[in-house]
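Participant: Residue numbers (our numbering): 132 to 470. Below is the structure I would like to discuss, written out as structure tokens.
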């Protein structure tokens, strides 16, 4: 049964597939717990940002309260609980001045918790490439720890991986007639192709999942550029094959020259890395090549302009402001000449 609630169904735990949960791990009751007893999930790949969506969620909580209970487990590292699903609801509740929130507490081991956390957050409408990348990787590693094969290899171009099979149980939340919540197994028997099953669950092709996982091998600076749409997804996959030192050198060149590689350039960098011929000079040579249909550009280092903008200005806002100032200057020049 799906949980209802205006703007509060993010991270709801509905039909979490792939988690094997023992019977009676959850008594069906909701506990109201203080926010300070809910520790964030370790290495949580999904970011909680103070944006419009979180503001709207906060307003909804102020008006109606937390409609969808959070999911947590007893904190194995100490007192309190570890939050599995509901990080945005927790942040919005704190913002709204709420002290306690409704929480379902379940006895989950590390692997079960990871799978439940990933599956619940993948229901969100807006997910960054980096979030998907680490979420897919964490989920597959958790399945592997459970003794299940997850033969998803990381490749942009190449042969398809061999099929593997896993034993999966489906889990869903439900509401009893008395209004109490619970978690239960959905009976399922037989062997399932893990690659196809994961692809089916997340709505991605198997190869697309492979590509997302490749992004986890990027250095943070380049991965941020992917999230900010400064580097195309397919280009980033190719760059992920560069080793860490080569990626830092490439990032330095991109920063100094204010440019990013095309797919063709990224593929060349990858092949040079694999052949052991990629160094800073080679990176410069590749990046200096004129791209097809490339227009003449004026490049200005961002550190020369940053002192003149508010700290919270995005690159798009800076560009828009510069364009508006240039247009205003041009308008004044035209008016001056017409006098």
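Ideal Cβ positions, reconstructed from N, Cα and C, are used throughout, including at glycine. Remember, it's a predicted structure, so these values are computed and weren't measured experimentally.
1. Taking just the CA atoms, how far does residue 372 sit from residue 345?
2. Tell me whether residue 439 is buried or exposed, calling it buried when 16 or more other Cβ atoms sit within 10 Å of its Cβ.
3. Mind checking which residues open and close the beta strand (DSSP E) that includes residue 215?
4. Are there 16 or more other CB atoms within 10 angstroms of the CB of residue 232, so buried, or fewer, so exposed?
5. Going by C-alpha distance, which of 356, 374 and 375 is nearest residue 445?
6. When DSSP labels each residue in this structure, what does residue 204 get in the three-state scheme?
7. Can you list, in chain order, the residues of its chain whose CB lies under 8 angstroms from that of residue 403, leaving out five sequence neighbours each side?
8. In chain order, what residues of the same chain lie with their CB nearer than 8 angstroms to the CB of residue 353, ignoring the 5 residues before and after it?
9. What's the gap between the Cα of residue 339 and the Cα of residue 250?
10. Output the distance between the C-alpha atoms of residue 462 and residue 447, rounded to the nearest integer angstrom.
11. Just checking my contact of residue 169 with residue 214 at CB under 8 angstroms: how many whole Å lie between their CB atoms?
12. Using C-beta distances below 6 angstroms, list every residue in its chain close to residue 189, excluding the 5 sequence neighbours before and after it, in chain order.
13. On the DSSP bridge assignment, give the partners of residue 233 in chain order.
14. Would you mind sorting residue 317 into buried or exposed? The rule is 16 or more other CB atoms within 10 Å of its CB.
Facilitator: A quick look at the data gives this:
1. Taking the straight line joining both Cα atoms gives about 8 angstroms.
2. With fewer than 16 other Cβ atoms within 10 Å, it is exposed.
3. Start and end: 212 to 216.
4. It counts as buried.
5. It is 356.
6. Assigned with DSSP and collapsed to three states, residue 204 falls in strand.
7. For residue 403, same chain residues with a beta-carbon under 8 angstroms away, outside a window of 5 residues either side, are 409, 413 and 417 in chain order.
8. Answer for residue 353: 362, 367, 370, 378, 381 and 382, listed in chain order.
9. Going by the C-alpha atoms only, they are around 17 angstroms apart.
10. Straight-line Cα distance between these residues: approximately 22 angstroms.
11. Sure, about 5 angstroms apart at Cβ, within 8 angstroms.
12. Excluding sequence neighbours, residue 189 sits near 223, 226 and 227.
13. DSSP links residue 233 through a beta bridge to 163.
14. Caution is warranted here: a pLDDT of 45 is assigned to residue 317, below 50, making its placement in the model unreliable, and the coordinate value is therefore given only provisionally. Its Cβ having fewer than 16 others within 10 Å, residue 317 is exposed.
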